[in-house]
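Each residue of the sequence shown is one higher than the one before, counting from 6 in my numbering.
Single-structure report; data block below.
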Amino acid sequence: MASSKSYLSTRGGSSGFSFEDTVLKGLAADGGLFIPEAVPVLHAGWETAWSAHSFQELAFEIFSLFISPEEIPPADLRELIERSYATFRVPEVTPLVTLRGNDRLHLLELFHGPTFAFKDVALQFVGNLFEYFLERRNRDKPAEEREALTVVGATSGDTGSAAIYGLRGKKDISVFILHPKGKISPIQEAQMTSVLDRNVHNLAVVGTFDNCQDIVKELFADSEFNARHKLGAVNSINWARILAQIVYYFHSYFALTASYPGARPRFVVPSGNFGDILAGHFAKRMALPMDKLVVATNENDILDRFWRSGRYEVHTADGSEAGGIPADGSKAHPSGVKETLSPAMDILVSSNFERLLWYLAFQADTAPTDDTSTRQAAAGAKVRALMTSLKQNGGFAVTDAMLQLARADFGSERVSDDETVDTIRTIYRTSDNPCYVLDPHSAVGVTATLRHIKAVETAGEPATHQISLSTAHPAKFSHAVDLALKGIEGYNFADVLPEEFMELAVAEKRVENVAAAESGLVKAAIERLLAGEKAAATAVAE
Ligand SMILES: *Cc1c(COP(=O)(O)O)cnc(C)c1O
Numbered sequence: 006m007a008s009s010k011s012y013l014s015t016r017g018g019s020s021g022f023s024f025e026d027t028v029l030k031g032l033a034a035d036g037g038l039f040i041p042e043a044v045p046v047l048h049a050g051w052e053t054a055w056s057a058h059s060f061q062e063l064a065f066e067i068f069s070l071f072i073s074p075e076e077i078p079p080a081d082l083r084e085l086i087e088r089s090y091a092t093f094r095v096p097e098v099t100p101l102v103t104l105r106g107n108d109r110l111h112l113l114e115l116f117h118g119p120t121f122a123f124k125d126v127a128l129q130f131v132g133n134l135f136e137y138f139l140e141r142r143n144r145d146k147p148a149e150e151r152e153a154l155t156v157v158g159a160t161s162g163d164t165g166s167a168a169i170y171g172l173r174g175k176k177d178i179s180v181f182i183l184h185p186k187g188k189i190s191p192i193q194e195a196q197m198t199s200v201l202d203r204n205v206h207n208l209a210v211v212g213t214f215d216n217c218q219d220i221v222k223e224l225f226a227d228s229e230f231n232a233r234h235k236l237g238a239v240n241s242i243n244w245a246r247i248l249a250q251i252v253y254y255f256h257s258y259f260a261l262t263a264s265y266p267g268a269r270p271r272f273v274v275p276s277g278n279f280g281d282i283l284a285g286h287f288a289k290r291m292a293l294p295m296d297k298l299v300v301a302t303n304e305n306d307i308l309d310r311f312w313r314s315g316r317y318e319v320h321t322a323d324g325s326e327a328g329g330i331p332a333d334g335s336k337a338h339p340s341g342v343k344e345t346l347s348p349a350m351d352i353l354v355s356s357n358f359e360r361l362l363w364y365l366a367f368q369a370d371t372a373p374t375d376d377t378s379t380r381q382a383a384a385g386a387k388v389r390a391l392m393t394s395l396k397q398n399g400g401f402a403v404t405d406a407m408l409q410l411a412r413a414d415f416g417s418e419r420v421s422d423d424e425t426v427d428t429i430r431t432i433y434r435t436s437d438n439p440c441y442v443l444d445p446h447s448a449v450g451v452t453a454t455l456r457h458i459k460a461v462e463t464a465g466e467p468a469t470h471q472i473s474l475s476t477a478h479p480a481k482f483s484h485a486v487d488l489a490l491k492g493i494e495g496y497n498f499a500d501v502l503p504e505e506f507m508e509l510a511v512a513e514k515r516v517e518n519v520a521a522a523e524s525g526l527v528k529a530a531i532e533r534l535l536a537g538e539k540a541a542a543t544a545v546a547e
């Protein structure tokens, strides 16, 4: 029987995984991503029963649908949730604010966690989950037999700090985050390097972000090094991250319908790796009432091009092949990614898109009369073929039936840097909250909502309620915010700076320099720092 508490790989290679396996492995052995074998069916009356729930209570109800109580007993799950969201600065965890009541435009603020970006919602929980599973595996084991996990990742900013804050101080876990020395924003660098917990290590590598990513890939591919240190990742494909993000779709729906009964919102999501909006897709499959999910991309627009054409193809924003130099001479990464004002969405391919593909293939390309496992196997085979084509030919096209299904659930918009800046300015001047400052990622989403407002106005249709997801605090992206607002009377960037950021400037920092982008140097640094951690721990124990 297909269960929502047991997991399979999108490439069809394996099934029957527990939630714990899914979380600790991250990626399936066949290269696929984990999804639940079935989407849970909500009990009748869920809407009334859950309508007054807090974020934490909703998280408990939703997580319980995807995690067997034999794996995590309910009391433990509640405790994990409480601890994960106690680090947020507001009681609602993810508050909904109305930007313009007349236009039915609302903003879901996801940036009230420790690093001021939406990734905290997932990574605060994932860090506690890792620790929980390891603690249980290590219970009653003598010190020398304890399983330890070494989390390694590369960052150009946002993910690294959220991972560090999720894992700081966790027992039996060490975390190493590589960043290109001097090439990330000063705020993000300070956020990471001011975390002084003994298990946290920042490696500043002389090189580029691509160098850092390549080194991390090399470490994972080195089976001997990997096995010796039990490498783990917290990248955006971990199922637990998607799961945690489902909660705020429900939470914001209830916040909206408390004021506007019967509303079926349109959710607009600034997208890069497709993790945030994929959580919305699960909410929709679980029957959360909504109009559509709208993908909003910046000029790295592989997703927008897919919804327009049915083709998923890697190429740069200006149409050149990946790795080529844009004809207009604009700034492009050597990898072919275009550098925009919303850097956390600068991607060539969206890693979580594979999960949506599986559902499209399952529904469109298999006969509903076949039994579930036959259909699952067929969907897995289809996804495997498409991903092979992506790797070998740089792209693929889906069938008409798959594209129709994708368009039934999703809309899509592409937003330029100029429009992003305009929107920050427009909202500053015209929101119901005087002088509301958007960050550039959130502004990509809001640009898409403004287009929709204009379109329905022109057509003479009634306005839909729109919930636009706000993924970062504006203080993290001073460059874009200043571009938009500098010179406007009354605007002063210092006014948007939270107290925590002022303290960062003078905080004590710890960082390990790596003199060249060579995996050998990084391996040596990791082994030396791990040995240091162990020695310090023994000293304390004695
Ligand atoms: C990661 C990130 C995004 C993109 O989210 P995906 O899940 O990758 O689509 C958008 N905005 C900010 C600020 C982010 O950090």
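Positions of the beta carbon are idealized from the N, C-alpha and C atoms, including for glycine.
Quick caveat, the model's predicted, so the values are computed rather than measured.
Inset, instruction - Would you list the one or two residues that DSSP bridges to tyrosine 12? - result: Taking the sequence shown and counting its residues from 1, one reaches residue 12 at position 7. Answer by DSSP bridge pairing, in chain order: Phe22, Pro41.
Legend entry - Exposure label - alanine 288; buried when at least 16 CB within 10 Å: Here residue 288 is taken as the residue at index 283 of the sequence shown, counted from 1. That one is buried.
Legend entry - Nearest-angstrom Cα separation, counted from alanine 464 out to glycine 171: Residue numbering aside, residue 171 sits at position 166 when the sequence shown is read from its first letter. Residue numbering aside, residue 464 sits at position 459 when the sequence shown is read from its first letter. Cα to Cα, glycine 171 sits roughly 46 Å from alanine 464.
Legend entry - Alpha-carbon to alpha-carbon, glutamate 466 and phenylalanine 32: Counted from its first residue, the sequence shown places residue 32 at position 27. Counted from its first residue, the sequence shown places residue 466 at position 461. The amino acid occupying residue 32 in the given sequence is leucine; phenylalanine does not appear at that position. Spanning the two alpha carbons is a distance of roughly 45 Å.
Legend entry - Host alpha helix (DSSP H) of arginine 412 (start-end): Within the sequence shown, residue 412 is the residue found at index 407, counting from 1. First-last of the alpha helix (DSSP H) with arginine 412: 405 to 414.
Legend entry - Straight-line gap, glutamate 344 to aspartate 351 (C-alpha atoms, nearest Å): Within the sequence shown, residue 344 is the residue found at index 339, counting from 1. Within the sequence shown, residue 351 is the residue found at index 346, counting from 1. The straight-line gap from Cα to Cα measures roughly 6 Å.
Inset, instruction - Give the single residue among Gly385, Pro275, His470 whose Cα lies nearest to the Cα of tyrosine 364. - result: Sequence index remark: in the sequence shown, residue 364 carries index 359 (1-based). The option with the nearest alpha carbon to tyrosine 364 is Gly385.
Legend entry - glycine 385 (DSSP reduced to helix, strand or coil): Start at 1 with the first residue of the sequence shown, and residue 385 comes out as number 380. Note: glycine 385 maps to helix in three-state DSSP.
Inset, instruction - Spell out a yes or no on whether the stretch 198 to 215 and the stretch 176 to 190 are touching, meaning 3 or more CB-CB pairs, one atom from each, closer than 8 Å. - result: yes
Legend entry - For serine 257, the first and last residue of its enclosing beta strand (DSSP E): Position 252 of the sequence shown, counting from 1, holds the residue named residue 257. Segment 244 to 264 is the alpha helix (DSSP H) holding serine 257; no beta strand (DSSP E) there.
Legend entry - Local Cβ density within 10 Å of glycine 237, reported as buried at 16 or more and exposed below that: The residue you call residue 237 lines up with position 232 of the sequence shown. With 16 or more Cβ atoms within 10 Å of its Cβ, glycine 237 is classed as buried.
Inset, instruction - Could you tell me the boundaries of the beta strand (DSSP E) in which arginine 434 lies? - result: Along the sequence shown, one-based indexing puts residue 434 at 429. Unbroken run through arginine 434 is the alpha helix (DSSP H), 422 to 435; no beta strand (DSSP E).
Legend entry - Pairwise C-alpha distance: alanine 153 and alanine 209: For the purposes of this step, residue 209 is identified with residue 204 of the sequence shown, where counting begins at 1. For the purposes of this step, residue 153 is identified with residue 148 of the sequence shown, where counting begins at 1. Cα to Cα, alanine 209 sits roughly 24 Å from alanine 153.
Legend entry - Close beta carbons around alanine 406, own chain, < 6 Å, minus the five adjacent residues each side: Against the sequence shown, residue 406 aligns to sequence position 401. Correct list, in chain order: Ala369.
Legend entry - Supposed contact pair leucine 308 and serine 417 - C-beta distance, whole angstroms, cut 8 Å: Counting from one through the sequence shown, the residue named residue 417 turns up at place 412. Counting from one through the sequence shown, the residue named residue 308 turns up at place 303. The Cβ separation is near 7 Å, so the contact holds.
Legend entry - Supposed close pair aspartate 281, leucine 455 - CB separation, criterion 8 Å: Locating residue 281 in the sequence shown gives position 276, where the first residue counts as 1. Locating residue 455 in the sequence shown gives position 450, where the first residue counts as 1. Wrong, their Cβ atoms sit about 20 Å apart, outside the cutoff.
Legend entry - Rounded straight-line distance, which links the Cα of histidine 470 to that of lysine 336: For the purposes of this step, residue 336 is identified with residue 331 of the sequence shown, where counting begins at 1. For the purposes of this step, residue 470 is identified with residue 465 of the sequence shown, where counting begins at 1. Confidence is the limiting factor: at lysine 336 the pLDDT is only 48, short of 50, which leaves the residue's position unreliable and the question unanswerable from this model.
Inset, instruction - Please classify alanine 260: is it buried, with 16 or more other beta-carbons within 10 angstroms of its beta-carbon, or exposed? - result: Working through the sequence shown from its first residue, we reach residue 260 at position 255. Its Cβ being crowded by 16 or more others within 10 Å, alanine 260 is buried.
Inset, instruction - Helix, strand or coil for histidine 234, going by three-state DSSP, please let me know. - result: Mapped onto the sequence shown, residue 234 falls at position 229. Histidine 234 falls in the helix class under three-state DSSP.
Inset, instruction - Compute the Euclidean distance between the alpha carbons of leucine 110 and threonine 374, then round it to the nearest angstrom. - result: Stepping through the sequence shown from its first residue, residue 110 is reached at position 105. Stepping through the sequence shown from its first residue, residue 374 is reached at position 369. Roughly 42 Å between the two C-alpha positions.
Inset, instruction - Go ahead and pull the three-state DSSP assignment for glutamate 318. - result: Counted from its first residue, the sequence shown places residue 318 at position 313. Looking at glutamate 318 - three-state DSSP - the assignment turns out to be strand.
Inset, instruction - Inspect the CB distances between the stretch 43 to 61 and the stretch 290 to 308 and report whether three or more fall short of 8 Å. - result: yes
Inset, instruction - Pick helix, strand or coil for lysine 186, following the three-state DSSP scheme. - result: Stepping through the sequence shown from its first residue, residue 186 is reached at position 181. Here lysine 186 sits in coil by DSSP.
Inset, instruction - Between the Cα of alanine 496 and those of Glu504, Asp487, Pro503, spot the shortest distance and give me the residue it belongs to. - result: Here residue 496 refers to the residue found at position 491 when the sequence shown is read from its first residue. The question names alanine, but residue 496 in the sequence shown is tyrosine. With distances taken between Cα atoms, tyrosine 496 lies closest to Asp487.
Legend entry - Cβ distance (whole Å) where phenylalanine 225 is taken to contact lysine 188 below 8 Å: In the sequence shown, residue 225 corresponds to position 220, counting from 1. In the sequence shown, residue 188 corresponds to position 183, counting from 1. About 22 Å separates the two Cβ atoms, so there is no contact after all.
Inset, instruction - Report the rounded CA-to-CA distance for valine 28 versus leucine 104, giving the unit in angstroms. - result: Position 23 of the sequence shown, counted from the first residue, corresponds to residue 28. Position 99 of the sequence shown, counted from the first residue, corresponds to residue 104. Roughly 37 Å between the two C-alpha positions.
Inset, instruction - Check whether the stretch 62 to 76 touches the stretch 251 to 258, counting contact only when three or more Cβ pairs, one atom from each stretch, lie closer than 8 Å. - result: yes
Legend entry - Contacting residues, own chain, Cβ-Cβ under 7 Å from tyrosine 265 (five flanking each side not counted): Locating residue 265 in the sequence shown gives position 260, where the first residue counts as 1. Answer for tyrosine 265: His470, listed in chain order.
Inset, instruction - Could you tell me if the beta carbon of lysine 124 falls within a distance shorter than 7 Å of some heavy atom in ligand 1? - result: Within the sequence shown, the letter at position 119 stands for residue 124. Lysine 124 Cβ: within cutoff of ligand 1.
Legend entry - Three-state class that DSSP yields for threonine 476 in the structure shown: In the sequence shown, residue 476 corresponds to position 471, counting from 1. DSSP places threonine 476 in coil when its eight states are reduced to three.
Inset, instruction - Report yes or no: do the stretch 446 to 462 and the stretch 386 to 404 share at least 3 C-beta pairs separated by less than 8 Å? - result: no
Legend entry - Selection from Lys539, Ile432, Ile169, Arg419 that minimises the alpha carbon distance to alanine 127: Counting from one through the sequence shown, the residue named residue 127 turns up at place 122. Alanine 127 has its Cα closest to that of Ile169, out of Lys539, Ile432, Ile169, Arg419.
Inset, instruction - Under 8 Å by Cβ, that's how I've got lysine 124 and threonine 164 pegged, so tell me the actual separation to the nearest angstrom. - result: For the purposes of this step, residue 124 is identified with residue 119 of the sequence shown, where counting begins at 1. For the purposes of this step, residue 164 is identified with residue 159 of the sequence shown, where counting begins at 1. Indeed they touch by this definition, with Cβ atoms about 6 Å apart.
Legend entry - Start-end ranges of the beta strand (DSSP E) lying completely within the stretch 441 to 516, minimum 3 residues: 471 to 475
Inset, instruction - List the endpoints of the continuous beta strand (DSSP E) containing histidine 48. - result: By one-based count along the sequence shown, residue 48 stands at place 43. Neither: histidine 48 is in no beta strand (DSSP E) and is coded neither H nor E.
Legend entry - CB of lysine 297 within 8 Å of CB of arginine 313, strictly: By one-based count along the sequence shown, residue 297 stands at place 292. By one-based count along the sequence shown, residue 313 stands at place 308. No, the pair does not count as a contact, with Cβ atoms beyond the cut-off.
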